[in-house]
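Enquirer: Chains A and B supply the protein sequences, listed in that same order. Sequential numbering from 1 applies to the first sequence in the UniProt record's numbering. Sequential numbering from 1 applies to the second sequence in the UniProt record's numbering. Backbone N, C-alpha and C define an ideal beta-carbon position, used for all residues, glycine too. Could you have a look at this structure, given as C-alpha cells, before my questions?
Protein chains: 2
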Amino acid sequence: MKTKKFCLTERQMPAQWYNIVADMPNRPLPPLHPVTREPVTREQLSAVFAEELIEQEMSVERFIDIPEEVQEIYRIWRPTPLVRATGLEKALDTPAKIYFKNESVSPAGSHKPNTAVPQAYYNYKQGIRRLTTETGAGQWGSAIAFAGRHFGIDVEVYMVRVSYDQKPYRRLMMQTWGAQCFPSPSDRTASGRAALAKDPACSGSLGLAISEAVEMALQHPEDTRYCLGSVLNHVLLHQTVIGQEAVAQMEMADAEPDVVIGCFGGGSNFAGLAFPFLRKRLTGGNPVRVVAVEPASCPKLTRGAFRYDFGDVAGYTPLIPMYTLGHDFQPSDIHAGGLRYHGAGAIVSQLLKDGFVEACAIPQTETLGAGILFAKTEGIIPAPESTHAIAAAVREALQAREEGREKTILFNLSGNGVIDLYAYEQYLSGALKDYTPTDAEIRRSLDRIA
Amino acid sequence: MKTKKFCLTERQMPAQWYNIVADMPNRPLPPLHPVTREPVTREQLSAVFAEELIEQEMSVERFIDIPEEVQEIYRIWRPTPLVRATGLEKALDTPAKIYFKNESVSPAGSHKPNTAVPQAYYNYKQGIRRLTTETGAGQWGSAIAFAGRHFGIDVEVYMVRVSYDQKPYRRLMMQTWGAQCFPSPSDRTASGRAALAKDPACSGSLGLAISEAVEMALQHPEDTRYCLGSVLNHVLLHQTVIGQEAVAQMEMADAEPDVVIGCFGGGSNFAGLAFPFLRKRLTGGNPVRVVAVEPASCPKLTRGAFRYDFGDVAGYTPLIPMYTLGHDFQPSDIHAGGLRYHGAGAIVSQLLKDGFVEACAIPQTETLGAGILFAKTEGIIPAPESTHAIAAAVREALQAREEGREKTILFNLSGNGVIDLYAYEQYLSGALKDYTPTDAEIRRSLDRIA
C-alpha cells in the first residue's frame with residue numbers, strides 16, 4: 001500500500017511562525033510614506049493596523065510565537081494533509097514524484113484563514129471592535145469573516161461590485177459568519193460617494209474598495225482598524241505554518257523536494273509554503289528550486305519592473321519596493337481573481353531580485369486544463385488560482401518524463417474551486433480566452449508611476 | 001491543550017464493511033416484485049444492478065471485505081476526522097461533551113462517495129461501461145460522477161429540472177468530473193417524453209428522474225446499469241466505514257457516546273455512523289441511544305406507517321417493507337433536498353419497529369438556526385441536511401444543561417453547505433418558512449398505496 005496522505009498530529013503543529021527576513025542576505029528596503037517619501041514609522045501605521053501586526057511587519061526576529069488562542073482556532077482545520085498525487089503521476093506517466101500541500105480544507109476553503117485568525121486576534125487583544133477590509137473574488141473576505149466571529153469582532157467587507165453581483169455565494173458565506181458585506185463603491189464613504197457621483201453604475205475595482213475600507217478605519221480610530229490578506233510581511237509570516245508543516249511531512253514521506261511551487265498574487269500562499277524550504281537553502285542546505293507562478297495576463301514577476309510603487313490604485317498606501325506593473329495597471333478579467341494584483345510583496349521581490357526565487361507566467365487556458373486533469377485524477381476541484389501551481393507542476397513532471405529522470409515536486413493547493421465552477425464551465429464550453437498585455441501597455445503603465 | 005480533532009492513520013481505515021443484518025434479532029422482510037408481489041430474485045435485480053451489489057443487498061454475512069481498489073480511492077479523503085465541538089459546547093454553556101464525525105471533507109463535500117466508489121468499482125469489474133442515476137439537489141450525482149471517473153465508467157445523471165436550473169454549481173461539478181447531466185424530464189427516454197408531451201414546462205420530480213435512469217439502464221443491458229445513493233441495504237453497508245472509524249476515534253478520545261445522531265433521508269449517513277455503535281447494543285454491550293432526525297415536513301419515521309411500498313412515484317421499483325408516507329407523498333420544497341423522500345430503508349424501518357432506533361422530527365427554521373450557530377462556533381458551514389443532526393444535538397445538550405448532568409453526544413456532519421448557501425440567505429432574511437403536513441394529508445397519501 002502506497003501512503004497517500006501524510007498527516008501530522010495537533011501536537012506537531014508549528015508553535016512559531018518563521019520570519020525569513022532574519023535569513024535574507026539583503027533585507028527588503030523599507031516602505032516609504034506616500035507624501036513625505038521617508039520610511040514610514042510605527043506611529044503612522046498605527047492608525048491603520050493593530051500595534052502587534054506592525055511589530056511583526058518590521059521584525060527581524062527569526063521565529064515569532066503563535067499565541068495559544070490562535071493555535072486553538074488553527075486546530076479546527078490544521079495541521080493540513082500533505083498528499084502524494086499518485087493519480088496525477090499515473091495520468092502523466094512521469095517518473096517524477098508529485099506532492100501537494102492541501103490548504104483547501106480550511107472552513108473558508110483556502111489558505112487565507114492562516115493569517116485572518118491572528119490578524120483578528122491581535123486586533124481583539126488591542127480592544128479593536130471592528131475590522132474593515134476589501135475583497136475581490138471573496139476568498140479573503142470570507143476568511144476574515146470567519147476569523148472575526150471567533151473573537152467577537154465586527155467585520156465590514158467592501159466587495160468589488162461586479163463580484164458582489166456575480167458571486168453571491170462568497171457574500172452569503174461572509175453573512176453566514178456574521179460579517180457585513182457592502183458592494184463597492186458604496187455610499188458609506190467619501191471615496192465611494194465620489195465614485196458613484198461620477199458614475200452611478202460604477203462596477204468598482206480592488207483599488208477603490210481598499211480606499212473605502214482604509215477610509216472607514218481612519219474615520220473611527222477609537223475602535224476600528226483595517227486589515228489586508230496578502231502582500232505585507234506579517235501576512236506572509238503567518239502563512240509559514242504551511243511550509244513548516246510541509247517540511248515535517250516531506251520528512252515523513254522520506255522525500256526532499258527538488259522544486260517547490262506556488263501560485264502568485266500578492267505572495268502569501270507562495271511564501272507560506274516556500275519560505276521554510278528556502279530557509280534550508282539560505283542557510284547553506286539543499287539547493288531547492290522555488291517557483292512562483294503568475295497568470296500570463298498579470299506578469300509582474302516576469303515582465304514588471306523593480307520599483308517603489310503604491311499598493312493601491314489611488315495611491316493612499318505607503319510606497320513598497322516591489323516588482324510591479326504599475327499601480328493602475330488594469331489586468332484582464334481572468335478567473336483567478338486572487339492573482340489579479342499589480343505588484344509583489346517586498347520580501348518576495350527582494351528574493352527574486354537576488355536570484356533565490358524563480359518566476360514563470362502561464363495562460364489560464366493551460367492552467368484550467370491542468371485543473372480539470374487534477375480534479376479527475378485527485379478528486380479535488382482546485383481554485384482557479386491554484387491551477388497555476390498545478391500547471392507548473394505538470395510542466396515539471398512532463399519535463400522529467402522527457403529527460404527520463406526522477407524529480408520530486410511539491411506544490412501548494414491553496415484553495416478549492418467549489419464556488420468558482422463557472423471558470424470550469426467556460427473552459428469546458430471552449431469559451432475561455434487568454435489575454436497577454438503588450439510590452440507597450442506595460443511600459444505605459446510603468447511610466448505612470450510617479 | 002484540549003485535543004480538537006481525533007485522526008486515524010490510513011492503516012487504521014476499516015478493511016471491511018459491517019453488515020448489521022447479521023446481528024438483528026428480526027431481519028428485514030424481503031422486497032417484493034412490483035407485479036407478482038413475490039420476493040424479488042437475484043435474476044430480476046440483475047437487469048438493473050451489478051451482480052456483486054445484489055449479493056451484498058441480500059447478504060447476512062457480518063463483515064464484507066472492502067476491495068483494495070476501493071480503499072485506494074477512499075484514501076483520497078479517508079479516514080475522516082472526529083472533532084470535539086468545543087466551540088459549540090461553550091456557546092451552549094452545557095456540561096455535555098459534543099463530538100461530530102466530519103464527512104464533509106470528501107471531494108464531493110458529503111458522505112455519498114463512500115458508496116459511490118464501491119458501486120462504480122463493482123460495475124467496472126463486471127464490464128459495465130455506463131451508469132445511470134437520478135439526483136435531486138445533486139449531492140449523489142456529483143459523488144457518482146467523481147467515482148465513475150476513477151474507473152473510466154461513463155455516468156449519466158438525470159437531475160430534477162427545477163434543481164438543474166436553480167443549482168448550477170452541482171451540475172458544473174458533475175461536468176468537471178466528466179459526467180453527463182440531463183435535466184429530467186428529458187427527451188432521451190419514453191417516460192421523459194411522455195411527461196414533456198403532457199406538460200412541456202414540467203419541472204420534474206425525483207420519482208420521474210428515477211424512472212428515466214432505470215429505463216435507460218433496462219434498454220441497454222449489454223453495458224449499462226442503474227445505481228442509487230441511499231435506502232438500499234448495500235448502500236447502508238458501504239457507509240459503515242463512517243461508524244467503524246468513529247468507534248475507534250471515540251476510544252482515542254477516551255469517551256463513549258450516550259447518544260448517536262444522524263439526519264435521515266433514505267438512511268445512509270445515519271446508518272453509516274450509527275450501526276457500528278448499535279452493534280455493541282445488539283450484542284449485549286452499552287445501551288447507546290441512536291436517534292434519526294427527519295424534517296417535520298417529511299415525517300415518515302414519526303408519523304408514517306410501516307407498510308410494503310414502492311421506492312418511486314411511478315411504482316416501477318420492488319415493494320420495500322418500510323416506514324412510509326406513501327410513495328406519491330409530495331413533501332414541501334424545503335432546503336434539505338436530500339431528506340425529501342417518502343420512505344425509510346428496510347433495515348432501519350425494522351430497527352425502528354423493534355425499538356432499537358429513536359426518531360424525531362424538527363422544522364427547518366430550528367435546524368438552520370442550529371446550522372448558523374455551528375458555522376459561527378465550529379467554522380464549518382453545514383449542509384441543510386446535516387443541520388437536522390446538529391439541531392438534535394443542540395436539544396440534547398440543552399437538556400443536559402437543564403438537568404445539570406454530563407452526557408456525551410456524537411452526531412454525523414454528513415456534508416458541507418457551501419453550495420447550499422441560499423438556504424442560509426433565506427434564514428438570515430427571515431424568509432424561511434416551516435411546513436408540516438396535516439394528519440389528513442398523510443392519511444390520504446397512505447390510502448393511495450395499492
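Roughly how many angstroms lie between the CA atoms of B/P257 and B/T408, to the nearest whole one?
Expert: The count along the second sequence starts at 1 and reaches residue 257 of chain B at position 257. The count along the second sequence starts at 1 and reaches residue 408 of chain B at position 408. Taking the straight line from one Cα to the other gives about 5 Å.
Enquirer: Taking the C-alpha atoms as reference points, what is the distance between A/G337 and A/G266?
Expert: Stepping through the first sequence from its first residue, residue 337 of chain A is reached at position 337. Stepping through the first sequence from its first residue, residue 266 of chain A is reached at position 266. One C-alpha to the other measures close to 11 Å.
Enquirer: Secondary structure at A/A346, three-state DSSP: helix, strand or coil?
Expert: Residue numbering aside, residue 346 of chain A sits at position 346 when the first sequence is read from its first letter. Helix.
Enquirer: Kindly indicate if chain B contains any beta-carbon less than 8 Å away from that of A/Q364.
Expert: Within the first sequence, numbered from 1, the residue matching residue 364 of chain A stands at position 364. It does not; no Cβ of chain B falls within 8 Å.
Enquirer: Ordered along the chain, which non-local residues of its own chain (more than five positions away) have a Cβ less than 6 Å from that of B/A209?
Expert: If you number the second sequence from 1, residue 209 of chain B lands on position 209. Taken in chain order, the residues that qualify are E134, Y158, V160 and S184.
Enquirer: Within this structure, are the beta carbons of A/V105 and A/T86 separated by less than 8 Å?
Expert: In the first sequence, residue 105 of chain A corresponds to position 105, counting from 1. In the first sequence, residue 86 of chain A corresponds to position 86, counting from 1. Their beta carbons are not under 8 Å apart, which means A/V105 does not touch A/T86 by this criterion.
Enquirer: Please list, in chain order, all residues of the same chain as A/A305 whose beta carbon is under 6 Å from its beta carbon, the five residues on each side excluded.
Expert: In the first sequence, residue 305 of chain A corresponds to position 305, counting from 1. Cβ neighbours of A/A305 beyond the five flanking positions: L446.
Enquirer: Measure how close the beta-carbons of A/I153 and A/P107 come, nearest whole angstrom, since I'm counting them as under 8 Å.
Expert: Your numbering for residue 153 of chain A matches position 153 in the first sequence. Your numbering for residue 107 of chain A matches position 107 in the first sequence. Contact doesn't hold; Cβ gap of about 17 Å is too wide.
Enquirer: Mapping the DSSP letters down to three states, classify A/P14 as helix, strand or coil.
Expert: Against the first sequence, residue 14 of chain A aligns to sequence position 14. Reduced to three states, the DSSP call for A/P14 is coil.
Enquirer: So which residues on chain A does B/L172 lean against when the C-beta distance must stay under 8 Å?
Expert: Here residue 172 of chain B corresponds to residue number 172 of the second sequence, with the count starting at 1. Within chain A, the residues near B/L172 are L421, Y422, Y424 and E425.
Enquirer: Name the residues in the region 149-177 of chain B whose C-beta lies less than 7 Å from a C-beta of chain A; which are they?
Expert: The region 149-177 of chain B vs chain A, Cβ under 7 Å: R149, Y169, L172, M173, Q175, T176 and W177.
Enquirer: Buried or exposed: where does A/T41 fall if 16 or more other Cβ atoms within 10 Å of its Cβ makes it buried?
Expert: Your numbering for residue 41 of chain A matches position 41 in the first sequence. The residue is exposed, with fewer than 16 neighbouring Cβ atoms inside 10 Å.
Enquirer: For the region 367-390 of chain B, list every residue whose C-beta sits within 9 Å of some C-beta in chain A, in sequence order.
Expert: Answer set for the region 367-390 of chain B: G371, I372, A375, K376, T377, E378, G379, I380 and I381.
Enquirer: Can you tell me which residues form a DSSP beta bridge with B/L413?
Expert: Within the second sequence, numbered from 1, the residue matching residue 413 of chain B stands at position 413. Its beta-bridge partners are B/N102.
Enquirer: Given that a residue counts as buried once 16 or more other Cβ atoms are within 10 Å of its Cβ, and exposed if not, what is A/T176?
Expert: The residue labelled residue 176 of chain A in the question sits at position 176 within the first sequence. So A/T176 ends up on the buried side.
Enquirer: Does any C-beta atom of chain B lie closer than 8 Å to the C-beta of A/T3?
Expert: In the first sequence, counting from the first residue as 1, residue 3 of chain A sits at position 3. At least one chain B Cβ lies under 8 Å of A/T3.
Enquirer: Say whether chain A places a C-beta atom closer than 8 Å to the C-beta of B/P107.
Expert: Position 107 of the second sequence holds residue 107 of chain B. Chain A contact via Cβ: present.
Enquirer: Could you check what DSSP says for A/G207 in three-state terms: helix, strand or coil?
Expert: Looking up residue 207 of chain A in the first sequence gives position 207. Helix.
Enquirer: State the beta-bridge partners of B/Y308 as determined by DSSP.
Expert: Counting from 1 along the second sequence, the entry for residue 308 of chain B is found at position 308. Paired residues: B/P321.
Enquirer: Between the region 15-24 of chain B and the region 345-363 of chain B, can you find at least three pairs of beta-carbon atoms closer than 8 Å?
Expert: Touching, yes, given that three or more Cβ pairs across the two stretches are closer than 8 Å.
Enquirer: So which residues on chain A does B/L428 lean against when the C-beta distance must stay under 8 Å?
Expert: For the purposes of this step, residue 428 of chain B is taken as residue 428 along the second sequence, with counting starting at 1. In chain order: Q175 and T176.
Enquirer: Compute the beta-carbon to beta-carbon distance between A/E61 and B/L172, rounded to the nearest angstrom, for a pair I have assumed lies under 8 Å.
Expert: Residue mapping note: residue 61 of chain A aligns to position 61 of the first sequence, counting from 1. Residue mapping note: residue 172 of chain B aligns to position 172 of the second sequence, counting from 1. Contact doesn't hold; Cβ gap of about 46 Å is too wide.
Enquirer: Counting along the chain, where does the beta strand (DSSP E) carrying A/D154 start and finish?
Expert: To locate residue 154 of chain A, count along the first sequence from 1; it is residue 154. Where A/D154 is concerned, the enclosing beta strand (DSSP E) stretches over D154 to V160.
Enquirer: Taking B/D187 as the reference, which of B/A197, B/Q126 and B/A143 has the closest Cα?
Expert: Working through the second sequence from its first residue, we reach residue 187 of chain B at position 187. Minimum Cα distance to B/D187 is reached at B/A197.
Enquirer: For A/A9, does the count of other Cβ atoms within 10 angstroms reach 16, so buried, or fall short, so exposed?
Expert: Within the first sequence, residue 9 of chain A is the residue found at index 9, counting from 1. Here residue 9 of chain A turns out to be Thr, not Ala, going by the sequence shown. It counts as exposed.
Enquirer: Would DSSP call A/F182 helix, strand or coil?
Expert: Residue mapping note: residue 182 of chain A aligns to position 182 of the first sequence, counting from 1. The answer is strand: DSSP assigns A/F182 an E or B state.
Enquirer: Measuring CA to CA, which of B/H388, B/A370 and B/E69 is closest to B/E294?
Expert: Reading the second sequence from its first residue, position 294 is the one you call residue 294 of chain B. B/E294 has its Cα closest to that of B/H388, out of B/H388, B/A370 and B/E69.
Enquirer: What does A/C227 reach in chain B if we use C-beta pairs closer than 9 Å?
Expert: As a first step, residue 227 of chain A must be located in the first sequence, where it is residue number 227. In chain order: nothing, as chain B lies at least about 18 Å away.
Enquirer: Could you compute how far the alpha carbon of A/G326 sits from the alpha carbon of A/D309?
Expert: For the purposes of this step, residue 326 of chain A is taken as residue 326 along the first sequence, with counting starting at 1. For the purposes of this step, residue 309 of chain A is taken as residue 309 along the first sequence, with counting starting at 1. If I take the Cα positions, the gap works out to 7 Å.
Enquirer: Out of B/I320, B/L421, B/P318 and B/G404, which one is the CA nearest neighbour of B/L368?
Expert: Here residue 368 of chain B refers to the residue found at position 368 of the second sequence. Of B/I320, B/L421, B/P318 and B/G404, the residue nearest in Cα terms is B/L421.
Enquirer: So which residues of chain B does A/E10 contact, with C-beta pairs closer than 8 Å?
Expert: In the first sequence, residue 10 of chain A corresponds to position 10, counting from 1. Within 8 Å Cβ-Cβ: M1, T3, K4 and K5.
Enquirer: Quick check on B/S429: buried or exposed, where buried means 16 or more other Cβ atoms within 10 Å of its Cβ?
Expert: Locating residue 429 of chain B in the second sequence gives position 429, counting from the first residue. Counting Cβ neighbours within 10 Å, B/S429 comes out exposed, since fewer than 16 surround it.
Enquirer: For the region 201-219 of chain B against the region 229-239 of chain B, are there 3 or more C-beta pairs whose distance is under 8 Å?
Expert: No contact exists between the region 201-219 of chain B and the region 229-239 of chain B.
Enquirer: Can you have a look at A/K112 and say buried or exposed, based on whether 16 or more other CB atoms are within 10 angstroms of its CB?
Expert: Indexing the first sequence from 1 puts residue 112 of chain A at position 112. So A/K112 counts as buried.
Enquirer: For A/R78, which residues from the same chain have a beta carbon less than 6 Å from its beta carbon, with the 5 sequence-adjacent residues on both sides left out?
Expert: Taking the first residue of the first sequence as position 1, residue 78 of chain A is located at position 78. The answer, listed in chain order, is M13.
Enquirer: Who does B/F6 pair with in a DSSP beta bridge?
Expert: By 1-based counting over the second sequence, the position of residue 6 of chain B is 6. According to DSSP, which records beta bridges pairwise, B/F6 is partnered with B/L82.
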